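Here the structure comes first, spelled out in structure tokens, and everything after it is commentary.
In the working numbering, the protein residues as written are 25 to 298.
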């Protein structure tokens, strides 16, 4: 963010003018989540400055993350191939443009410094062949979101039978509705298509999607806590493109059904995940 410690301490690494005001900001063009796109408002990286210092800032950040975590998700991975550059004077993301980014040079440096990295690429949105090639070159699994799977096209890459081992399967992410909330808002014909896809089953949402995620060939499955607790849309974590009321949901042991943990363990054992 413009008022972050990173920008304050390293203004030369971001697209700021002489007064420290952002000239361009990050975001994404119009998509599934927002018809005007998303204007995140944080200044973009001044990539030439990062290149000039041999990506030292990135090396320091990754080292700290590796000290803390077993796995690191690279948010908005496609921005490392090309990012959506929005003039800071624009109120929405509509008037942005794609600008190339030095992702290959960055990840090459990180691999030479740290070796093989435990990274997951958040490869959602507008994904070109170039973005996929960058992800595959550095052996990063991508993301498969089951809530995106059930359109009219049987070749939809998010359908469970289209998952690949170099991926992480999610029922939904922090930007999605809860699975119960998502399913409740679907048209009846889409609900029918979902049940037709899975065949005869007495399993209801969200556990139908949880099972599908765990049984896929994806190397890892991630299930939001709201889905494990079968919570509705009022417990959604984030609504993209909005700034009010997000990231307020908190977990409480009192709402955990005693059957949840045994049920989850049984599915993980059934599909060889533990």
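Where is the CB? At the ideal position from N, CA and C, for every residue including glycine. What you are looking at is a predicted structure, and each value in this text was computed from that prediction instead of being measured.
Quick one: using the 10 Å Cβ neighbour count with 16 as the cut-off for buried, is residue i buried or exposed?
i	result
residue 292	exposed
residue 271	exposed
residue 91	exposed
residue 6	Coverage of the chain is limited to positions 25 through 298, which leaves residue 6 absent and any answer about it impossible.
residue 142	exposed
residue 131	buried
residue 269	exposed
Reducing DSSP to helix, strand and coil, say where residue i ends up.
i	result
residue 242	coil
residue 69	strand
residue 38	strand
residue 28	coil
residue 64	strand
residue 144	strand
residue 109	strand
residue 160	helix
residue 271	coil
residue 129	helix
residue 293	helix
residue 263	coil
residue 103	helix
residue 59	coil
residue 278	helix
Using 8 Å for Cβ pairs, my map puts residue i next to residue j. What's the rounded Cβ distance?
i	j	result
residue 64	residue 49	7 Å
Legend entry - the stretch 230-241 / the stretch 202-220 touching (three or more Cβ pairs under 8 Å): yes
Legend entry - Cβ contact (3+ pairs, closer than 8 Å) linking the stretch 51-62 and the stretch 74-90: no
Inset, instruction - For the stretch 211-220 and the stretch 195-203, state whether three or more C-beta atom pairs, one from each stretch, are separated by less than 8 Å. - result: The stretch 211-220 is not in contact with the stretch 195-203.
Inset, instruction - Please go through the stretch 173-259 and give each complete alpha helix (DSSP H) segment of 4 or more residues, from N-terminal end onward. - result: 203-208, 212-222, 231-239, 249-252
Legend entry - Three or more C-beta pairs below 8 Å linking the stretch 235-243 and the stretch 283-298: yes
Legend entry - Three or more C-beta pairs below 8 Å linking the stretch 97-105 and the stretch 34-47: At 8 Å Cβ cutoff, the stretches do not touch.
Inset, instruction - Pair every Cβ in the stretch 109-120 with every Cβ in the stretch 157-164, then say whether three or more of these pairs are closer than 8 Å. - result: no
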